[in-house]
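Asker: Residue numbers for the sequence shown follow my numbering, beginning at 340 and rising by one.
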Amino acid sequence: MESAIKVAVKTGKPIFGFKSVKRQLLKGKLKAIFCSKSFSNENITELTQLAKQAKTPLILLEIGPLEIGRLCEKPFPVSTLAFEDFGQSNLEALIKK
């Protein structure tokens with residue numbers, strides 16, 4: 340999953356951060372949402388409810404925000420990551436499993 344996320348970040352259309360992800364989710368533009376295992380419970384609950392309404396999968400990653408930031412080649416922690424487009428990655432197939 341992590342290597343597919345890396346490819347999707349490079350070749351797709353990623354969105355970083357809770358507020359940006361929430362805004363795009365409300366517009367119905369997201370294909371999937373990924374959250375850090377250490378993300379706050381209230382934010383996860385809010386995103387889960389919105390994702391269900393939008394029929395968008397929400398995946399909790401077993402890595403922390405620093406690791407997600409490194410995975411995305413960002414110099415900062417990333418707690419929430421979403422995609423409008425997966426690019427050349429196989430994330431869509433992995434999510435459907």
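The beta-carbon is built from N, C-alpha and C at its ideal position, and this holds for glycine as well.
Given the structure is predicted, the values throughout are model-derived calculations rather than measurements.
Are V417 and F357 closer than 7 Å when you measure CB to CB?
Answerer: no
Asker: Check the DSSP bridge columns for F357 and list the partner residues they point to.
Answerer: As computed with DSSP, F357 is found in no beta bridge at all.
Asker: Quick one: grab the DSSP three-state call for L397.
Answerer: DSSP, reduced to helix, strand and coil, places L397 within a strand of the structure shown.
Asker: If we count Cβ pairs, one from each stretch, closer than 8 Å, do we get three or more for the region 359 to 372 versus the region 393 to 402?
Answerer: yes
Asker: Residue range of the alpha helix (DSSP H) that S500 falls in?
Answerer: This structure cannot speak to residue 500, because the chain is shown only from 340 to 436.
Asker: Pull the bridge partners of A390 from the DSSP assignment, please.
Answerer: DSSP output for A390 lists no bridge partner at all.
Asker: Quick one: grab the DSSP three-state call for I372.
Answerer: strand
Asker: Between I383, R362, I407 and F378, which has its C-alpha nearest E341's C-alpha?
Answerer: Shortest Cα-Cα distance from E341 to any of I383, R362, I407 and F378 involves I407.
Asker: Kindly indicate the opening and closing residues of the beta strand (DSSP E) around E406.
Answerer: It is not in any beta strand (DSSP E) - E406 instead sits in the alpha helix (DSSP H) that spans P404 to L410.
Asker: Exposed or buried, M420, counting other C-beta atoms within 10 Å across all chains shown (16 or more means buried)?
Answerer: Note on residue identity: the sequence assigns Leu, not Met, to residue 420. It is buried - the Cβ of L420 has at least 16 other Cβ atoms within 10 Å.
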